[in-house]
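First up is the structure itself, then whatever we jot down about it.
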Amino acid sequence: MSFTAPLIITDGNAGLTAVSIIRDRANSKTERQHCSVIRSQSAKMANMGEPVLPSAASDQKYVTVSPMAGGFITLSDHHFVHPAEPGAKRTVPSLAFLIEHPGIKVFGHDPSKPFRMMFDRGLRKSKERYPEKLQKHIDDREPYELSPGIAAQLKSGGLDPKEIDLVMLSHVHYDHHGDPEDFPNAKFKVGAGALDVLKKGLGEIAPHQHFVPDTLPTDGRSSELSDPATSEEWKPLGPFPAALDLFGDASVFVIDTPGHLPGHINLLCRTKDRWIMLCGDAFHDRRLLTGEKVIGTWQGPEGNRLCIHLNEPEAVESIKRLREFEQDPFDKVELVAAHEEGWWERNKHFAFPKTL
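Under the numbering used here, the first residue of the sequence shown carries the number 64, and numbering increases by one thereafter.
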């Protein structure tokens, strides 16, 4: 099944498209230098085996990353990896992340204040906030845990959800969009084609592929990033054909990682001591990165072959690139998938208000 990405959606509050916002930021000399460094270093890496990622500028800005568990669901291994032990299941988190930039003039934000964004927000805080079809799907994911929700976790850590400036979703599945209504001041950004999925759906191809058109705010705060296939703002970065320097200062990159769902993106964050890539559902099990397992498929009720990724060949290619990226010997990079059971157990003591 294929999808045609819609025209870039206008951001009603800012009065600019995502493309024009990014293009305006690239006009400064410093940001042009960052872009030049990124292109040249990616080319060197490809041709000479040198570092994939841009080195820090003398005035480099760093972000902080705080993980949160946006609920838990139970998944059957055979839906995600092959071979799988018969009947094997895992209760896994739906991870969400708060990323804080020390200050940037973007999306109308006051640069004297920290810029706060969420990448993914896990599950809704109660099953009743989902339509009936998804409620039944969640029942099939027992044991599960939905409350208290991301907004409540932010409040308990001393941050009002009203202070979130931007919400970016890796994709628009039910276990990633959380509760948009709890973030009244945030702008919402998704990958190219994601709004089309919400609007039109994918047909009844699988229980989890159910979408609600008005999931995201309809008051002009929701828009798409530019299309990596057609926009000049996206540049190669290491093994990835398309990366977007979100703030124009090489602190955060959006990475196009197709396969799982139209508009799927990763977020690469530069912290003071390492790079952290938030991978959404680009992979669900670390053994896919090591090569111990391959993507699992199963038979649907009508005998049809099903895969958790809408475009399996593209997902395989994205995982291949992630594997290459993680093995880069020059840069300290950590990859985190949204449903990594082991990762959360090892790192939950860094949960908000702490940072990784």
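Beta carbons are placed, not taken as given, at the ideal position from N, Cα and C, and that holds for glycine. This one's a predicted model, so the numbers in the text were calculated from it and none came from an experiment.
Taking all protein chains shown into account, do 16 or more other C-beta atoms lie within 10 angstroms of the C-beta of residue i, making it buried, or fewer, making it exposed?
i, result
"residue 252", "buried"
"residue 293", "exposed"
"residue 235", "buried"
"residue 187", "buried"
"residue 239", "buried"
"residue 400", "buried"
"residue 210", "exposed"
"residue 313", "buried"
"residue 121", "exposed"
"residue 372", "buried"
"residue 133", "buried"
"residue 95", "Note that residue 95 scores 45 on pLDDT, short of 50, meaning its location in the model is unreliable; the coordinates nonetheless yield the value given after this. Residue 95 is exposed by the Cβ-count criterion."
"residue 367", "exposed"
"residue 412", "exposed"
"residue 407", "buried"
"residue 409", "exposed"
"residue 149", "exposed"
"residue 296", "buried"
"residue 216", "buried"
"residue 243", "buried"
"residue 363", "exposed"
"residue 202", "exposed"
"residue 245", "buried"
"residue 290", "buried"
"residue 405", "exposed"
"residue 212", "buried"
What residue from the options has the CA that sits closest to residue i's CA?
i, options, result
"residue 256", "304, 327, 303", "327"
"residue 375", "340, 384, 321", "321"
"residue 194", "215, 262, 275, 356", "275"
"residue 155", "148, 144, 138, 169", "138"
"residue 226", "140, 150, 389, 249", "249"
"residue 336", "296, 418, 212, 203", "418"
"residue 388", "197, 198, 300, 333", "300"
"residue 118", "395, 416, 407", "395"
"residue 168", "228, 150, 152, 204", "228"
"residue 247", "166, 208, 284", "284"
"residue 331", "349, 271, 170, 182", "182"
"residue 196", "295, 266, 166", "266"
"residue 158", "341, 304, 166, 245", "341"
"residue 381", "302, 349, 334, 263", "302"
"residue 286", "113, 170, 166", "170"
"residue 190", "218, 147, 237, 216", "237"
"residue 377", "333, 304, 349, 365", "304"
"residue 361", "268, 298, 333, 354", "268"
May I ask which residues mark the beginning and end of the alpha helix (DSSP H) holding residue i?
i, result
"residue 217", "213-219"
"residue 195", "195-202"
"residue 38", "The structure shown has nothing for residue 38, since the chain only spans 64 to 419."
"residue 26", "In this structure the chain extends from 64 to 419, so residue 26 is not present and cannot be described."
"residue 259", "257-263"
"residue 382", "375-389"
"residue 404", "404-410"
Measuring CB to CB, does residue i end up less than 8 angstroms from residue j?
i, j, result
"residue 352", "residue 358", "no"
"residue 325", "residue 260", "yes"
"residue 316", "residue 115", "no"
"residue 343", "residue 175", "no"
"residue 347", "residue 402", "yes"
"residue 145", "residue 356", "yes"
"residue 241", "residue 415", "no"
"residue 339", "residue 397", "yes"
"residue 288", "residue 345", "no"
"residue 179", "residue 136", "no"
"residue 224", "residue 214", "yes"
"residue 152", "residue 140", "yes"
"residue 200", "residue 271", "yes"
Counting along the chain, where does the beta strand (DSSP E) carrying residue i start and finish?
i, result
"residue 155", "152-164"
"residue 183", "178-184"
"residue 397", "396-399"
"residue 309", "Unbroken run through residue 309: none, as it is neither H nor E."
"residue 292", "Unbroken run through residue 292: none, as it is neither H nor E."
"residue 328", "328-333"
"residue 287", "285-287"
"residue 129", "127-139"
"residue 337", "Looking at the DSSP string, residue 337 is not in any beta strand (DSSP E), and its letter there is neither H nor E."
"residue 368", "368-370"
"residue 324", "First-last for residue 324: undefined, no H or E at that position."
**Report entry** Three-pair Cβ contact test at 8 angstroms for the region 306-326 versus the region 273-280
**Finding:** At 8 angstroms Cβ cutoff, the stretches do not touch.
Report task. Indicate whether the contact test is met: 3 or more Cβ pairs, each with one atom in the region 158-176 and one in the region 127-134, closer than 8 angstroms. Result -> yes
Report task. Flag this pair as touching only if the region 168-187 and the region 254-269 have three or more C-beta atom pairs under 8 angstroms; answer yes or no. Result -> Contact check between the region 168-187 and the region 254-269: fewer than three CB pairs, one atom from each, fall below 8 angstroms, which does not count as touching.
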